[in-house]
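**Q**
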Amino acid sequence: MIDHVGINVVDLARSRKFYEAALGPIGYKALMEFPEGVGFGREQPDFWIALRKPVSTGVHLCFAVDRRQAVRDFHAAALAAGGKDNGAPGLREHYHPAYYGAFVLDPDGNNAEVVCHTPEK
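Position 109 of the sequence shown, counting from 1, maps to 397 under the working numbering, and the rest follow consecutively.
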């Protein structure tokens, strides 16, 4: 089981602002801060960004939620925060029949996804 993951970013303030906005709708917030990094999570930091080289690009990050509306809220918030659409909210049945996800590229080109595996009622 993975406890936490981190990526390196070019501009810590810009990436913090992006992830605070993009992950806010799924209950994530900045929980821990150091001069060179910020840890985000719901109860404890499990996603970190750090001002370090080499910068992480092309990384795929996926955050799980239990409601499809949270996927839509993430996508809208991430786009409003300057992210680039990389897959609108919707079913991805090639993974499984209830896979509902959305994808956004962060300021450094990483692919941030939020997914709900729960079938809609």
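Ideal Cβ placement from N, Cα and C applies to all residues, glycine included. Every value quoted in this text rests on a predicted model; they were computed, and no experiment measured them.
How many Å lie between residue 301 and residue 323 at the Cα?
**A** On the sequence shown, residue 301 is found 13 positions in, with the first residue counted as 1. On the sequence shown, residue 323 is found 35 positions in, with the first residue counted as 1. Approximately 11 Å, taken between the alpha carbons.
**Q** Do you know whose CA, among 313, 312, 335, lies nearest residue 320's CA?
**A** As a first step, residue 320 is located in the sequence shown; it is residue number 32 there, counting from the start. Nearest C-alpha to residue 320: 335.
**Q** By the 10 Å Cβ neighbour count, where 16 or more other Cβ atoms means buried, how is residue 355 classified, buried or exposed?
**A** Translated into positions along the sequence shown, residue 355 becomes position 67. Exposed: under 16 other Cβ atoms inside 10 Å.
**Q** Can you check DSSP and say which residues form a bridge with residue 337?
**A** Position 49 of the sequence shown, counted from the start, is the residue given in the question as residue 337. 295, 326, per the DSSP bridge assignment.
**Q** So is residue 401 buried or exposed if we call it buried at 16+ other beta carbons inside 10 Å?
**A** The count along the sequence shown starts at 1 and reaches residue 401 at position 113. Result: buried.
**Q** Would you mind giving the Cβ-Cβ distance between residue 339 and residue 399, rounded to the nearest angstrom? I have them listed as a contact below 8 Å.
**A** What you label residue 339 is simply residue 51 of the sequence shown in a count that begins at 1. What you label residue 399 is simply residue 111 of the sequence shown in a count that begins at 1. Wrong, their Cβ atoms sit about 20 Å apart, outside the cutoff.
**Q** Hey, residue 353 and residue 314: beta-carbon distance below 8 Å or not?
**A** Within the sequence shown, residue 353 is the residue found at index 65, counting from 1. Within the sequence shown, residue 314 is the residue found at index 26, counting from 1. A contact, by the Cβ cut-off of 8 Å.
**Q** Nearest CA to the CA of residue 297: which residue from 341, 404, 392?
**A** Within the sequence shown, numbered from 1, the residue matching residue 297 stands at position 9. Closest option to residue 297, Cα to Cα, is 341.
**Q** With the cut-off set at 8 Å, would you say residue 376 and residue 405 are in Cβ contact?
**A** In the sequence shown, residue 376 corresponds to position 88, counting from 1. In the sequence shown, residue 405 corresponds to position 117, counting from 1. No, the Cβ-Cβ distance between residue 376 and residue 405 is not below 8 Å.
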